[in-house]
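Using UniProt numbering, read the sequence shown as starting at 1 and increasing by one per residue.
Where is the CB? At the ideal position from N, CA and C, for every residue including glycine.
Given the structure is predicted, the values throughout are model-derived calculations rather than measurements.
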Amino acid sequence: MSEESESIQSNDHNAEETEKKTVYQQRLDRRQAQTVRPIIAYALLGSMALILILVVFLLPRMVNEDEASTTNQNVDETIAEQLQLDDAVLAQKPIAQALLSELLAKIDELELSGVQIWAQPEWKKINTIQNEGDTAYLKRSYDVAAASYRTAMQLLVDLEVSIPSILQQSLSQGQEAILLENKPLAISNFETALAIDGTNQLAKTGLDRALKLDKVIAFSNQGKQLADEKEWAGSIEAFQAALAIDSNWKPALE
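Pasting the structure below:
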C-alpha cells in the first residue's frame, strides 16, 4: 500500500472518530441540558418564594412603619398647631375681661334710662349674647367670649345713641294719643319718656294729663251733647269742668 493510500485511510479513520465524538458530544449536551433545566426551574421557584416572603412579611411592616411615622408626624404637627391656637386664645383672656367690665358698666348706665322698658327686644338680644359670652368664657374659649362681648357692647351703644330721638318720639306720640283720646297709648309713651329722663317736665305733665283723660273726655262729651241740644249754660259748665282738670284740653278751648 502506498503512502498516499495509508494517508487516505488514516484520514478516513480520523473522520469516523471525529463523527463519533460529535454524536457523543451531542448526546452529552442533551443530557446536560436536561439536567440544567430542572435546576433553573428550582432556582426560579426559590427566587419567587423569596420575593413572595418579602412581599407578604416585610413589605407590610415597612408600610406600617411609614404610616406610623407619618401618623406621628401629623400628631406632632397637630399638637404644635393646638399649642399655637391655645396661646392665641389665651391671649384673648384679658381682652375678654376688659370688654366684660365695660359691658356691665354700660348696662348699668342704660338701665337708668329705662332701656329695658322701651327697647325690650333689643335688650333681650343683648342679654342673650352676653350669656353666650359668659358661657364661652367659663369654657376658656376667650376669643369667642370677647367676640360676644363686643357684639353686645355695640348693640348697647346703638341704643344709647338713639335715646334722644326716642325721648322726643315718646313725647310727641304721647301728645297725639291724648288728642286721639287713647289713654293707654298716651300713658305708655309718657312713661317711656320718664324712664329715659325722670326730670323731664313735659313727660310729667303729659302723664298727668293722660291719667285724667277719662274724666276730661266725659265732661267734654257732655258739653258737646248739651251744645247740640242748645243747652248753652250746661254745655259751658261741662267744658269748664273739663278745663279745670286739663287746662290744655283743646276741644273745651274751642
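Problem - D246: first and last residue of the uninterrupted alpha helix (DSSP H) it sits in - result: It is not in any alpha helix (DSSP H) - D246 carries neither H nor E in the DSSP assignment.
Problem - 8 Å contact criterion, which A96 and A145 should meet: CB distance rounded - result: Contact flag correct, Cβ pair sits at about 4 Å.
Exercise for the section: Confirm, please, whether the CB-CB distance from I117 to T205 is below 8 Å. Expected result: Taking a C-beta distance under 8 Å as the contact criterion, T205 and I117 do not qualify as a contact pair.
Exercise for the section: Give a single yes or no on whether A244 has its beta carbon closer than 7 Å to a heavy atom of the ligand SAH. Expected result: As for the ligand SAH, it is missing from this structure, which has no ligand bound.
Handout entry: Closest residue to R150 among S170, D108, L100 (Cα-Cα distance)
Key = The residue from S170, D108, L100 with its alpha-carbon nearest to that of R150 is L100.
Practice task
Could I get the ranges of all uninterrupted alpha helix (DSSP H) runs contained in the region 187 to 254, with 4 residues as the minimum, in chain order?
Solution key: Segments of the alpha helix (DSSP H) lying fully in the region 187 to 254: 201 to 211, 213 to 228, 232 to 245, 250 to 253.
Problem - Cutoff 6 Å; reference V216; Cβ partners in own chain excluding five residues on either side - result: A242, I245, D246, W249
Handout entry: Exposed unless 16 or more other CB atoms sit within 10 angstroms - verdict on R140
Key = exposed
Practice task
Kindly list the residues whose CB is nearer than 7 Å to the CB of A119, restricted to its own chain and excluding five residues on each side of it in sequence; keep chain order.
Solution key: L159
Problem - Host alpha helix (DSSP H) of A145 (start-end) - result: Start and end: 142 to 179.
Practice task
Taking 8 Å as the cut-off, decide whether the C-beta atoms of I163 and S235 are in contact.
Solution key: Taking 8 Å as the Cβ cut-off, I163 and S235 do not qualify as a contacting pair.
Problem - Identity of the residue in G223, L138, V115 nearest L167 by Cα - result: V115
Exercise for the section: Go through its chain and collect everything with a Cβ distance to I187's Cβ below 6 Å, but skip five positions before and after it. Expected result: In chain order, A210 place their CB closer than 6 Å to the CB of I187, counting only its own chain and leaving out the 5 sequence neighbours on each side.
Practice task
Can you tell me the Cβ-Cβ gap for Y142 and L103, rounded? I've got them flagged as a contact below 8 Å.
Solution key: About 15 Å separates the beta carbon of Y142 from that of L103, a gap too long to meet the 8 Å contact definition.
Problem - Short Cβ contact (8 Å threshold) for K125 with L156 - result: no
Problem - Beta-carbon proximity list for F239, same chain, < 6 Å, skipping 5 on both sides - result: For F239, where only same-chain residues beyond five positions count, the Cβ hits under 6 Å are G223, A252.
Exercise for the section: Output the distance between the C-alpha atoms of K212 and K183, rounded to the nearest integer angstrom. Expected result: 9 Å
Handout entry: Alpha-carbon to alpha-carbon, L179 and L226
Key = 21 Å
Exercise for the section: Whole angstroms is fine: what's the gap from L171's alpha carbon to A203's? Expected result: 6 Å
Practice task
Determine the extent of the alpha helix (DSSP H) in which A119 is found, giving its start and end residues.
Solution key: Looking at the DSSP string, A119 is not in any alpha helix (DSSP H), and its letter there is neither H nor E.
Exercise for the section: Below 7 Å CB to CB, which residues in the same chain sit around P94 once its five sequence neighbours on both sides are set aside? Expected result: none
Handout entry: Sequence-distant residues of its chain with Cβ nearer than 7 Å to Q175 (five each side left out)
Key = G206.
Problem - Assigned secondary structure, N182 (DSSP; H/G/I helix, E/B strand, else coil) - result: N182: coil per DSSP, three-state reduction.
Problem - Beta-carbon separation (whole angstroms), N189 vs Q201, contact threshold 8 Å - result: So it is not a contact: roughly 15 Å between Cβ atoms.
Problem - Minimum Cβ-Cβ distance from A233 to chain C less than 8 Å - result: Although the question refers to chain C, the structure presented lacks it and comprises just one protein chain.
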